[in-house]
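See below for the structure under consideration.
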Amino acid sequence: MCSAKSKSLAFTGVLLSCLEMIFSANTAPDTPVIDQAYSKLSNSITVEWRAVPGATNYMLTAQDGDSFVETIVKNSPGTVTGLKPATLYRITVRSINSGGKSQPSPFRKVKTVLAAPILSVHSPSCDSIAVSWKAVHMAAGFSVSLVRSDGLGRMLKQNTTNTSLIFTNLDPGTLYTIKAYAWNANGMPGDDFTYNQRTIPCAPVNISIEEDEPGHLLVSWSSVSLGHYYVVFVKSDDGLEVHCNTSHTQCHFQSDCGFTYFISVFAYNKAGQSPSGDVLNYTTAPCCPSDFRAVFISSDTVRVTWAPVRGADLYETRAAGGSRVVFCRDTATACTLSALQCSTPYNITVYSFSEARGCSSSCAPQYVATAPCSPEIKNISKEGLSVISVQWQPNNEEAMYVVTARGEAGLWHCTSTRNSCTLMDLPCGSAFSVSAIARSPAGQSLPSYSIPLETAPCCPNDLILTQVTQSVTNISWSVGRGAQTYVTTLESPKGQAKCHTLQTYCLLGCITCGTNYTVSLRAISETGLTSSCTYQGYSSSACCPSGVKLYRLSNNGIRVFWRVSDETIKYNADLHGSKGNFSCTPSLGLSHCDITKIPCGDVYTVVVAPVTDKGPKLTFCPKKIYSVTCSGSSVGMVFFPPEAGKTHLCLSATFTAA
Numbered sequence: 006m007c008s009a010k011s012k013s014l015a016f017t018g019v020l021l022s023c024l025e026m027i028f029s030a031n032t033a034p035d036t037p038v039i040d041q042a043y044s045k046l047s048n049s050i051t052v053e054w055r056a057v058p059g060a061t062n063y064m065l066t067a068q069d070g071d072s073f074v075e076t077i078v079k080n081s082p083g084t085v086t087g088l089k090p091a092t093l094y095r096i097t098v099r100s101i102n103s104g105g106k107s108q109p110s111p112f113r114k115v116k117t118v119l120a121a122p123i124l125s126v127h128s129p130s131c132d133s134i135a136v137s138w139k140a141v142h143m144a145a146g147f148s149v150s151l152v153r154s155d156g157l158g159r160m161l162k163q164n165t166t167n168t169s170l171i172f173t174n175l176d177p178g179t180l181y182t183i184k185a186y187a188w189n190a191n192g193m194p195g196d197d198f199t200y201n202q203r204t205i206p207c208a209p210v211n212i213s214i215e216e217d218e219p220g221h222l223l224v225s226w227s228s229v230s231l232g233h234y235y236v237v238f239v240k241s242d243d244g245l246e247v248h249c250n251t252s253h254t255q256c257h258f259q260s261d262c263g264f265t266y267f268i269s270v271f272a273y274n275k276a277g278q279s280p281s282g283d284v285l286n287y288t289t290a291p292c293c294p295s296d297f298r299a300v301f302i303s304s305d306t307v308r309v310t311w312a313p314v315r316g317a318d319l320y321e322t323r324a325a326g327g328s329r330v331v332f333c334r335d336t337a338t339a340c341t342l343s344a345l346q347c348s349t350p351y352n353i354t355v356y357s358f359s360e361a362r363g364c365s366s367s368c369a370p371q372y373v374a375t376a377p378c379s380p381e382i383k384n385i386s387k388e389g390l391s392v393i394s395v396q397w398q399p400n401n402e403e404a405m406y407v408v409t410a411r412g413e414a415g416l417w418h419c420t421s422t423r424n425s426c427t428l429m430d431l432p433c434g435s436a437f438s439v440s441a442i443a444r445s446p447a448g449q450s451l452p453s454y455s456i457p458l459e460t461a462p463c464c465p466n467d468l469i470l471t472q473v474t475q476s477v478t479n480i481s482w483s484v485g486r487g488a489q490t491y492v493t494t495l496e497s498p499k500g501q502a503k504c505h506t507l508q509t510y511c512l513l514g515c516i517t518c519g520t521n522y523t524v525s526l527r528a529i530s531e532t533g534l535t536s537s538c539t540y541q542g543y544s545s546s547a548c549c550p551s552g553v554k555l556y557r558l559s560n561n562g563i564r565v566f567w568r569v570s571d572e573t574i575k576y577n578a579d580l581h582g583s584k585g586n587f588s589c590t591p592s593l594g595l596s597h598c599d600i601t602k603i604p605c606g607d608v609y610t611v612v613v614a615p616v617t618d619k620g621p622k623l624t625f626c627p628k629k630i631y632s633v634t635c636s637g638s639s640v641g642m643v644f645f646p647p648e649a650g651k652t653h654l655c656l657s658a659t660f661t662a663a
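Right, here's the structure in full:
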């Protein structure tokens, strides 16, 4: 059992303890003392101190000039975060309880370590990794290490003051771990930065290209270690690019003729694309001219033209047929093949050549038949006035023969598939050159030798007869095309009058008055071709009366009297004087007529002529002059000589007999 004293002591201890607790709860704790402070990371500082009795928390303060960062921690050690790298801070610690905060501890100066360099890493080749970074504030140098991520091999480490370096002699397609940090002037390392990078695969080798068939290219290569897949790029010389993505070691591509293709093969893994292997080029054979046209210049010459094709430096045109092969070479897109055989089938092929690939051997020929041979005219005969028959020797069963008569008057044609045809309605008085050609689906022959042809001269369109005297008639006519001379004839049962002349008129004498004549004309060409032309009949005028006399009548009248040979003809008497003109026409069958009240003391010209119903009065009947006096019973007659140039003789000696 406890004594009273011991109980008293126990109570006193409890009381003191309670008083101490009460006192402590109302009083700030003591000021802590920093044992050490240091920075392991560029954004923080770690502080260590001895514990303060009664303290429940601690406040760490990092001050940089006017700015500061505070952090509440439970106990030592404590870390202040959110700081700037490579920066000098004043570090203090305060203890905290419910009674308040202690005074700050004596400060310690601590500088945060350097920031870690931020790496930019890539694999420029299959055996290297390039590392670069931006400059780090306050850094004096950098340390970069590289090791295989699988732990195999040794670590590579480089210290440098630069901001980039390259690790070489690495394994292709391998994953590496890269670490780097910066150090300051005191050699203190800063934060480190870790990055994993795989080396790219090596470039594919043994690349080959072959055209396994026209229009298809096969690209193949050797397998690349640690290459996951491959991409083949094929770019044509017109700028178009295609690609193939495959895990195999070959790719097929479509190709066109006349192109040059540039081929690159890349291997890929997670690190990216390998360097390009050898860039190869492949030129396909030039294209074949497929749209060429053959145009025949003549039956033995053909001109072949075509559009230019890709890849062709030279063209060769071959024509195989007949007994030999004809060819020509040229850089132009045209060729003229001569000395071919007419009416002969040929296989014409146009080949294209290139310096890189040679000849395009797959060019297809085109069947072409030459035009027919020229026909030969054997005979030309006249079937009628404007109908000509032409005969020739045929030489092509498929040909249509065309005969052409060509002259100044124009062109006339006839056609036939046989050996003759007839030219119709050829104009008169024209000269022609007659030739023949043969036409077939293959073309047209050269014309045959020309044969001259002349048609008979044309008959004059107009012919006019004018009676000059009782026995002379003038005939005139229009020009007959093609005629050089003319023969005109007036013919009746009483006789014939004829004239042969170079002119377009003629005087025919010895014409019998009051007679119906047949009028004909012959037009004669320079070579003697003759056209006989017949015109409407012609009637000479009635005969002039004879024995014309005047008798005075009572009351100043005059009777005109004459003798007639044909009582069926009606006559008219005209008197012309200075005091007036008078005329009278008796009834049919009478040979006299009277004129009353004719002025006397005048001289009158008297003409008695047959009356015509188709034209003016005849002027060639003889004229007599009478003096009519005013005293006596007779009419005086005065004779004058005939007018100059007038004659009534037969002029037959003037004309040339036909």
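All residue numbers for the sequence shown refer to our numbering, where the first residue is 6 and numbers rise by one.
All residues carry an ideal CB built from backbone N, CA and C; glycine is no exception.
Note that the coordinates shown come from a computational prediction; the quantities given were computed from them, not determined experimentally.
Original post:
Nearest-angstrom Cα distance between LYS184 and HIS253?
Top reply: The residue given as residue 184 occupies position 179 in the sequence shown. The residue given as residue 253 occupies position 248 in the sequence shown. Straight-line Cα distance between these residues: approximately 36 Å.
**OP:** Take ASP196 as the anchor and find which of PRO90, ARG95, LYS240 and SER213 has the nearest alpha-carbon.
**Re:** Here residue 196 corresponds to residue number 191 of the sequence shown, with the count starting at 1. Closest in C-alpha terms to ASP196, from the list PRO90, ARG95, LYS240 and SER213, comes PRO90.
Original post:
Helix or strand or just coil, what does DSSP make of PHE28?
Top reply: Here residue 28 refers to the residue found at position 23 of the sequence shown. With a pLDDT of 46 at PHE28, under the threshold of 50, the modelled position of that residue is not reliable, and no figure is offered here.
**OP:** From the DSSP output, in three-state form, read off ASN250 for me.
**Re:** Walking along the sequence shown from the start, residue 250 turns up at place 245. ASN250 falls in the strand class under three-state DSSP.
Original post:
Taking the Cβ atom as the reference point for each residue, do TYR320 and ASP296 lie within a distance shorter than 8 Å?
Top reply: In the sequence shown, counting from the first residue as 1, residue 320 sits at position 315. In the sequence shown, counting from the first residue as 1, residue 296 sits at position 291. Not a contact, by the Cβ cut-off of 8 Å.
Subject >> First and last residue of the uninterrupted beta strand (DSSP E) at THR265 >> reply: As a position in the sequence shown, residue 265 is number 260, starting the count at 1. Annotation: the continuous beta strand (DSSP E) that includes THR265 extends over 265–274.
**OP:** Express the C-alpha separation of ILE529 and GLN4 in angstroms, rounding to a whole number.
**Re:** Here the chain has residues from 6 to 663 only, and residue 4 is not among them.
Original post:
Residue range of the beta strand (DSSP E) that PHE358 falls in?
Top reply: To locate residue 358, count along the sequence shown from 1; it is residue 353. Looking at the DSSP string, the run of the beta strand (DSSP E) that includes PHE358 is 350–359.
**OP:** Count the other C-beta atoms from every protein chain shown that fall within 10 angstroms of the C-beta of PRO550, then say buried if there are 16 or more, exposed otherwise.
**Re:** Position 545 of the sequence shown holds residue 550. By the 10 Å Cβ count, PRO550 comes out buried.
**OP:** Excluding the 5 residues preceding and the 5 following ALA56 in the sequence, name in chain order all residues of the same chain whose CB lies nearer than 7 Å to its CB.
**Re:** Stepping through the sequence shown from its first residue, residue 56 is reached at position 51. Here the set comprises ASN80 and SER81.
Subject >> Top-ranked residue by Cα proximity to SER328, from GLY316, TYR351, ALA339 and ARG308 >> reply: Within the sequence shown, numbered from 1, the residue matching residue 328 stands at position 323. Ranking GLY316, TYR351, ALA339 and ARG308 by Cα distance to SER328 puts TYR351 first.
Original post:
Which of helix, strand or coil does DSSP assign to SER476?
Top reply: On the sequence shown, residue 476 is found 471 positions in, with the first residue counted as 1. Look at SER476 here: in three-state DSSP terms it is coil, with no helix or strand label.
Subject >> Nonlocal neighbours in the same chain, by C-beta distance under 6 Å from ALA60, ignoring five residues either side >> reply: The sequence position of residue 60 within the sequence shown is 55, counting from 1. Close CB contacts of ALA60 within its chain, under the 6 Å cut and outside five residues either way in sequence, are with PRO34, SER100 and ASN102 (chain order).
Subject >> ASP243 versus SER343: straight-line alpha-carbon distance, rounded >> reply: Sequence index remark: in the sequence shown, residue 243 carries index 238 (1-based). Sequence index remark: in the sequence shown, residue 343 carries index 338 (1-based). So the alpha carbons of these two residues sit roughly 38 Å apart.
Original post:
Count the other CB atoms within 10 Å of the CB of LEU623; is the residue buried (16 or more) or exposed (fewer)?
Top reply: For the purposes of this step, residue 623 is taken as the residue at position 618 of the sequence shown. Residue environment for LEU623: buried (at least 16 other C-beta atoms within 10 angstroms of its C-beta).
**OP:** With a 10 Å radius around its C-beta and 16 neighbouring C-beta atoms as the bar for buried, classify MET160 as buried or exposed.
**Re:** Taking the sequence shown and counting its residues from 1, the one referred to as residue 160 is at position 155. With fewer than 16 Cβ atoms within 10 Å of its Cβ, MET160 is classed as exposed.
**OP:** In angstroms with no decimal places, state the Cα-to-Cα distance between SER49 and MET193.
**Re:** For this step, residue 49 is matched to residue 44 along the sequence shown. For this step, residue 193 is matched to residue 188 along the sequence shown. Their backbone Cα atoms lie some 15 Å apart in a straight line.
Original post:
Which residues in the same chain have their Cβ closer than 6 Å to the Cβ of GLN68, if we skip the five residues on either side of it in sequence?
Top reply: Translated into the one-based positions of the sequence shown, residue 68 becomes position 63. The residues are ARG95.
Subject >> Candidates LEU231, LEU93 and TRP54: closest to PHE73 by CA position >> reply: What you label residue 73 is simply residue 68 of the sequence shown in a count that begins at 1. Out of LEU231, LEU93 and TRP54, the CA that lies nearest to the CA of PHE73 is found in LEU93.
**OP:** Less than 8 Å between the CB atoms is what I'm expecting for ILE5 and VAL633, so what's the real figure, rounded?
**Re:** Here the chain has residues from 6 to 663 only, and residue 5 is not among them.
**OP:** Report all residues from its chain with a CB closer than 6 Å to the CB of TYR510; omit the five preceding and five following residues, and keep chain order.
**Re:** Here residue 510 corresponds to residue number 505 of the sequence shown, with the count starting at 1. SER481.
**OP:** Classify VAL51 as buried or exposed, calling it buried when 16 or more other Cβ atoms lie within 10 Å of its own Cβ.
**Re:** The residue labelled residue 51 in the question sits at position 46 within the sequence shown. Contrary to the premise, residue 51 reads as Thr rather than Val in this sequence. It counts as buried.
Subject >> Boundaries of the beta strand (DSSP E) in which ARG308 is found, first to last residue >> reply: For the purposes of this step, residue 308 is identified with residue 303 of the sequence shown, where counting begins at 1. Residue range 306–310 is occupied by the beta strand (DSSP E) that includes ARG308.
Subject >> Three-state class that DSSP yields for CYS426 in the structure shown >> reply: Reading the sequence shown from its first residue, position 421 is the one you call residue 426. If DSSP states are grouped into helix, strand and coil, CYS426 belongs with the strands.
**OP:** Starting from the C-beta of ALA145, find all residues in its chain whose C-beta is less than 7 Å away, skip the five residues before and the five after it, and write them out in chain order.
**Re:** Indexing the sequence shown from 1 puts residue 145 at position 140. Hits under 7 Å: TRP188, ASN189 and ALA190.
Original post:
Tell me which same chain residues have a C-beta within less than 7 Å of the C-beta of LEU46, skipping the five on either side of it?
Top reply: For this step, residue 46 is matched to residue 41 along the sequence shown. If the five residues before and after LEU46 are omitted, its C-beta is found closer than 7 Å to the C-beta atoms of VAL118 and ASP196, all from its own chain and listed in chain order.
Original post:
Taking the C-alpha atoms as reference points, what is the distance between ILE27 and LYS106?
Top reply: Position 22 of the sequence shown, counted from the start, is the residue given in the question as residue 27. Position 101 of the sequence shown, counted from the start, is the residue given in the question as residue 106. Residue confidence for ILE27 is low, a pLDDT of 47 falling below 50, so the modelled location carries little weight; the figure read from the coordinates is stated next. Cα to Cα, ILE27 sits roughly 17 Å from LYS106.
Original post:
In whole angstroms, what separates the C-alpha of SER29 from that of VAL78?
Top reply: Reading the sequence shown from its first residue, position 24 is the one you call residue 29. Reading the sequence shown from its first residue, position 73 is the one you call residue 78. At SER29, the pLDDT of 49 sits below 50, so the modelled position is not reliable; the number obtained from the coordinates is stated separately. SER29 and VAL78 have their C-alpha atoms roughly 20 Å apart.
Original post:
In three-state terms, what does DSSP make of GLY500?
Top reply: Along the sequence shown, one-based indexing puts residue 500 at 495. The three-state reading of DSSP puts GLY500 in strand, counting E and B together.
**OP:** Can you give me the Cβ contacts of CYS23 inside the same chain, cut-off strictly under 8 Å, excluding the 5 residues immediately before and after it?
**Re:** Residue mapping note: residue 23 aligns to position 18 of the sequence shown, counting from 1. For CYS23, the predicted model reports a pLDDT of 46, less than 50, meaning its position is unreliable; a value from the coordinates is still stated below. For CYS23, there are no CB contacts under 8 Å within the same chain when 5 residues up- and downstream are skipped.
**OP:** Could you tell me whether the Cβ of ILE516 comes closer than 8 Å to any Cβ of chain D?
**Re:** Absent from the structure is chain D; it holds one protein chain and no more.
Original post:
Between SER636 and THR471, what straight-line distance do the alpha-carbon atoms span, to the nearest angstrom?
Top reply: Indexing the sequence shown from 1 puts residue 636 at position 631. Indexing the sequence shown from 1 puts residue 471 at position 466. Separation of SER636 and THR471 (C-alpha to C-alpha, rounded to the nearest whole angstrom) is 44 Å.
**OP:** Identify whether MET64 lies in helix, strand or coil by the three-state DSSP scheme.
**Re:** Here residue 64 refers to the residue found at position 59 when the sequence shown is read from its first residue. Collapsing the DSSP output to three states places MET64 in a strand.
Original post:
What is the rounded straight-line gap between the Cα of TYR200 and the Cα of LEU124?
Top reply: Against the sequence shown, residue 200 aligns to sequence position 195. Against the sequence shown, residue 124 aligns to sequence position 119. Straight-line Cα distance between these residues: approximately 7 Å.
Subject >> For VAL640: DSSP bridge partner residues >> reply: Stepping through the sequence shown from its first residue, residue 640 is reached at position 635. Bridge partners of VAL640: none, in fact.
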